[in-house]
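J.: Numbering (the working numbering), first residue to last: 5 to 94.
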């Protein structure tokens, strides 16, 4: 009999497979990132999340795609390198 931990691992592998397909088949970066974020949100039951991108020319980090965040909150999601948690991580 297969235990619940095996089903959990299979769910994770399936999610990673779907994420890799979204990245591999996507020619539109924003669309691919949105698909990845949606898959992660669904798999983890995430209510809010975002993927931020660094603009190398300006040094600004901005939210590229978001889940559960209003457009106003998304537009405020701009950081400099070293600023806040996002700026420190990148």
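The beta carbon of each residue, even a glycine, is placed where N, CA and C say it ideally should be.
Helix, strand or coil for residue 78, going by three-state DSSP, please let me know.
T.: On the chain shown, position 74 is the one that residue 78 refers to. Helix.
J.: Taking 8 Å as the threshold (C-beta atoms), are residue 41 and residue 57 in contact?
T.: Locating residue 57 in the chain shown gives position 53, where the first residue counts as 1. Locating residue 41 in the chain shown gives position 37, where the first residue counts as 1. Cβ distance not < 8 Å, so residue 57 and residue 41 don't count as in contact.
J.: With burial defined as no fewer than 16 other Cβ atoms inside 10 Å of the residue's Cβ, what is the status of residue 50: buried or exposed?
T.: Here residue 50 corresponds to residue number 46 of the chain shown, with the count starting at 1. The residue in question, residue 50, is exposed, as its Cβ has fewer than 16 Cβ neighbours within 10 Å.
J.: If I measure Cβ to Cβ from residue 22 and keep anything under 6 Å in the same chain, skipping five residues before and after, which residues do I get?
T.: On the chain shown, residue 22 is found 18 positions in, with the first residue counted as 1. Around residue 22: 43.
J.: Please say whether residue 71 and residue 53 have beta carbons closer to each other than 8 Å?
T.: By 1-based counting over the chain shown, the position of residue 53 is 49. By 1-based counting over the chain shown, the position of residue 71 is 67. Yes, the Cβ-Cβ distance between residue 53 and residue 71 is below 8 Å.
J.: Would you list the one or two residues that DSSP bridges to residue 84?
T.: One-based indexing of the chain shown puts residue 84 at position 80. For residue 84, which the question treats as bridged, DSSP gives the partners 64.
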